[in-house]
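Enquirer: Okay, here's the structure, questions in a sec.
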Amino acid sequence: MTEPDANINLNLLLEHGSASQASDLILVADSPPCLFVHGRLQPMNQKPLRGEQIHSIMMPLLSEDQKNQLLEQRDLDFSLAPSKNIRCRVNVHFQRDSLAAAFRFISPRIPELESLNLPEILHEFAHLPQGLFLVTGPAGSGKSTTLAALVQSINQNACKHIITLEDPIEYIFTNDKSIIEQREIGRDAPSFASALRHILRQKPDVIYVGEMRDQETMATALVAAETGHLVLSTLHTISATAVIDRIVDSFDGPQQQQIRIQLAHTLQGVVSQLLFQDVSGTGLLPACEILVVTPAVRRAIRDADTHLIPGMIETGARYGMQTMEQSVTDWVNQAKISKDEGRIRLADYKIVDRLNGPGTSSDEAPTRS
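Taking my numbering, the leading residue of the sequence shown gets 1, the next gets one more, and so forth.
Put into structure tokens, the structure is as follows:
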């Protein structure tokens, strides 16, 4: 495909990114527009952007309220749909006193769970009657896509009232067997915590919280899960155990035991995701650590023995659990990702000291190419 011409036109940049199957488009002063394609940064064949060019691209997209928020907070998230086939989540921010922007491409079609190469047990999580289910991982690991597929599975198979709280709205749902309300933080509600405080009066069966960012949101989500609702949400952590510690540590000492009790009672499962380059170099595959909350796990959470949980995950295959290392090793054994990709990525996240796979000695330490 021909590169967009030298006259910077955002629609052309986005069309090129979409046609290239990019996940992200990055605009930064003194650099050409860059795409992330299958996890790799690819500068486009363009001259470096000037700060005033980015300003002229981004500012017309914003309302007066959004412009004021950007100038005050120096960061702004919003969604953009320039055409029927292109939708993006956008972050615009300041760096070195000039604007920069990151566009995350969102598929116009909500993917089926089966198409995401995720473990079968996620189907069970999608149809829990109540409790708290979390998807975790670093930014760009596919958390929002996994949860959108879970919500869509509920939508297609059950008669539920689903309310999503998102910042900004990403995937657009169409009612099937369920009724879905999508509320955007900043437009339909002032904050996640505020929306959650009032949500129980709206008679939801399923509540999707885009991200549990702060103590009040976490506390209110736990109450919603305690009162018979299924709460789905995300956190930026890289392991199931880290999720529990992150939530508990968000509260002051006197509150922590109560939070442990609530978590032990409500938490149903955690899936922690990382994305890996496939062997063809043309796609990404998810590796998952999976925690299923069994009675033994509930005791460990309640009694502050979270250090025991990694061992429970490692030996909990009969419940559908697996470690990140086990997941990556499965992909290596299937020749879907390379040993080097698995070992380097796991070493990057300090998850393991070694990855066993075909041709890999058990005492061989990770190396970087």
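Note that beta-carbon positions come from the ideal geometry of N, C-alpha and C, so glycine has one too. For clarity, every value in this text was computed on a predicted model and none was experimentally measured.
#1: Rounded to whole angstroms, what's the CA-CA distance from Ala149 to Ile110? Just pull it up for me.
#2: Alpha carbon to alpha carbon, how far is Arg40 from Leu274? Give it in angstroms, no decimals.
#3: To the nearest angstrom, how far is it from the Cα of Gln182 to the Cα of Ile207?
#4: In the DSSP assignment, find the unbroken alpha helix (DSSP H) run with Asn11 in it and report its ends.
#5: Quick one: is Asp167 buried, meaning 16 or more other Cβ sit within 10 Å of its Cβ, or exposed?
#6: Glu216: which of Gly228, Ser194 and His265 sits nearest, CA to CA?
#7: By how many angstroms is the C-alpha of Leu116 removed from the C-alpha of His307?
#8: Mind checking His16: buried by the 16 CB within 10 Å criterion, or exposed?
#9: Give a yes or no on whether the C-beta atoms belonging to Ser178 and Ile162 are separated by under 7 Å.
#10: Using only the alpha-carbon positions, how far apart do Pro366 and Glu124 sit?
#11: Bridge partners of Thr136, per DSSP?
#12: Looking at the structure shown, is Ala221 part of a helix, part of a strand, or coil, going by DSSP?
#13: Would the beta-carbon of Ile172 fall within 7 Å of that of Ala126?
#14: Over the uninterrupted alpha helix (DSSP H) stretch that includes Ser144, give me the two end residues.
#15: Have a look at Tyr349 and Asp205 and give me their C-alpha separation to the nearest angstrom.
#16: Taking the alpha-carbon of Ala29 as reference, which of Val332, Gln46 and Arg318 has the nearest alpha-carbon?
#17: On a CA-only basis, which of Lys84, Leu12, Arg318 and Leu285 is nearest Glu114? Give me that one, please.
#18: Quick one: measure Cβ to Cβ for Leu222 and Leu263, integer angstroms, because I've assumed they're closer than 8 Å.
#19: Does DSSP put Glu120 in a helix, a strand or coil?
#20: For Gly359, which residues of its own chain have a beta-carbon under 6 Å away from its beta-carbon, when the five flanking residues on both sides are left out?
#21: Only counting the same chain, and skipping five residues up and downstream in sequence, which positions put a Cβ closer than 6 Å to that of Phe103?
#22: For Ala189, collect the residues of the same chain with a Cβ closer than 6 Å to its Cβ; drop the 5 residues on either side in sequence, then sort them by chain order.
#23: Could you check which residue in Arg96, Met218 and Ser63 has the C-alpha nearest to that of Asp245?
#24: Taking DSSP as the reference, what is the three-state secondary structure of Tyr208?
#25: By alpha-carbon positions, which one of Lys336, Glu226 and Arg260 ends up nearest to Asp305?
#26: May I have a chain-ordered list of the beta strand (DSSP E) segments no shorter than 3 residues that lie completely inside the region 27 to 68?
#27: Please determine, among Val92, Ser79, Arg96 and Leu118, the residue with the shortest C-alpha to C-alpha distance to Phe105.
#28: Anyone know if the C-beta pair for Val135 and Leu147 falls short of 7 Å?
#29: Spatial neighbours of Arg368 within its chain, please: CB distance less than 8 Å, with the 5 preceding and 5 following residues excluded, ordered by chain position.
#30: Determine, using beta carbons only, whether Ile86 and Leu10 come nearer to each other than 7 Å.
Expert: In short:
#1: Residue numbering aside, residue 149 sits at position 149 when the sequence shown is read from its first letter. Residue numbering aside, residue 110 sits at position 110 when the sequence shown is read from its first letter. Taking the straight line joining both Cα atoms gives about 6 Å.
#2: For the purposes of this step, residue 274 is taken as the residue at position 274 of the sequence shown. For the purposes of this step, residue 40 is taken as the residue at position 40 of the sequence shown. Using only the alpha carbons, I get a separation of about 15 Å.
#3: For the purposes of this step, residue 182 is taken as residue 182 along the sequence shown, with counting starting at 1. For the purposes of this step, residue 207 is taken as residue 207 along the sequence shown, with counting starting at 1. Rounded to whole angstroms, Gln182 to Ile207 spans 10 Å at the Cα level.
#4: Locating residue 11 in the sequence shown gives position 11, where the first residue counts as 1. Element bounds for Asn11: Leu10 to Ala19.
#5: Walking along the sequence shown from the start, residue 167 turns up at place 167. Residue environment: Asp167 is assigned as buried (16 or more neighbouring CB atoms within 10 Å of its CB, all protein chains considered).
#6: For the purposes of this step, residue 216 is taken as the residue at position 216 of the sequence shown. Comparing Cα-Cα distances from Glu216 to each of Gly228, Ser194 and His265, the minimum goes to Ser194.
#7: In the sequence shown, counting from the first residue as 1, residue 307 sits at position 307. In the sequence shown, counting from the first residue as 1, residue 116 sits at position 116. Each residue's alpha carbon lies about 31 Å from the other.
#8: As a position in the sequence shown, residue 16 is number 16, starting the count at 1. Classified as buried, His16 has 16 or more neighbouring CB atoms from the shown chains inside 10 Å of its CB.
#9: Position 178 of the sequence shown, counting from 1, holds the residue named residue 178. Position 162 of the sequence shown, counting from 1, holds the residue named residue 162. In contact: Ser178 and Ile162 (Cβ atoms closer than 7 Å).
#10: Here residue 366 refers to the residue found at position 366 of the sequence shown. Here residue 124 refers to the residue found at position 124 of the sequence shown. At Pro366 the pLDDT is 33, less than 50, meaning the model places this residue with poor confidence; the figure from the coordinates comes in the next sentence. Going from the Cα of Pro366 to the Cα of Glu124 covers about 35 Å.
#11: The residue given as residue 136 occupies position 136 in the sequence shown. DSSP lists Leu235 and Ser272 as the bridge partner or partners of Thr136.
#12: For the purposes of this step, residue 221 is taken as the residue at position 221 of the sequence shown. Note: Ala221 maps to helix in three-state DSSP.
#13: Here residue 172 corresponds to residue number 172 of the sequence shown, with the count starting at 1. Here residue 126 corresponds to residue number 126 of the sequence shown, with the count starting at 1. Not closer than 7 Å, so no.
#14: Start at 1 with the first residue of the sequence shown, and residue 144 comes out as number 144. Here the alpha helix (DSSP H) through Ser144 covers Lys143 to Asn157.
#15: One-based indexing of the sequence shown puts residue 349 at position 349. One-based indexing of the sequence shown puts residue 205 at position 205. Their Cα atoms are separated by approximately 36 Å.
#16: As a first step, residue 29 is located in the sequence shown; it is residue number 29 there, counting from the start. The shortest CA-to-CA distance from Ala29 to any of Val332, Gln46 and Arg318 is the one to Gln46.
#17: Looking up residue 114 in the sequence shown gives position 114. Residue Leu285 is the option with its Cα nearest to Glu114.
#18: Along the sequence shown, read from residue 1 onward, the residue named residue 222 stands at position 222. Along the sequence shown, read from residue 1 onward, the residue named residue 263 stands at position 263. The Cβ separation is near 7 Å, so the contact holds.
#19: Taking the first residue of the sequence shown as position 1, residue 120 is located at position 120. Coil at Glu120, not helix or strand.
#20: What you label residue 359 is simply residue 359 of the sequence shown in a count that begins at 1. With a pLDDT of only 40 at Gly359, under the threshold of 50, the placement of this residue in the model should not be trusted, and no figure is reported.
#21: As a working note, residue 103 is residue 103 in the sequence shown. Correct list, in chain order: Leu25, Cys88 and Val90.
#22: Against the sequence shown, residue 189 aligns to sequence position 189. Arg183 and Ala195.
#23: As a first step, residue 245 must be located in the sequence shown, where it is residue number 245. Taking the Cα of Asp245 as reference, the smallest distance to any Cα among Arg96, Met218 and Ser63 is reached at Met218.
#24: Counted from its first residue, the sequence shown places residue 208 at position 208. Strand at Tyr208.
#25: Counting from one through the sequence shown, the residue named residue 305 turns up at place 305. For Asp305, the closest alpha carbon among the candidates Lys336, Glu226 and Arg260 is that of Arg260.
#26: Correct list: 34 to 37 and 40 to 43.
#27: Here the question's residue 105 lines up with position 105 in the sequence shown. Phe105 has its Cα closest to that of Ser79, out of Val92, Ser79, Arg96 and Leu118.
#28: Counting from 1 along the sequence shown, the entry for residue 135 is found at position 135. Counting from 1 along the sequence shown, the entry for residue 147 is found at position 147. Cβ distance < 7 Å, so Val135 and Leu147 count as in contact.
#29: On the sequence shown, residue 368 is found 368 positions in, with the first residue counted as 1. Because the pLDDT of Arg368 is 30, which lies under 50, any placement of that residue in the model is unreliable, and the number read from its coordinates should be weighed accordingly. Counting only Cβ-Cβ distances below 8 Å, and skipping sequence neighbours, we find Ile344 and Ala347.
#30: What you label residue 86 is simply residue 86 of the sequence shown in a count that begins at 1. What you label residue 10 is simply residue 10 of the sequence shown in a count that begins at 1. No, these two residues do not count as a Cβ contact at 7 Å.
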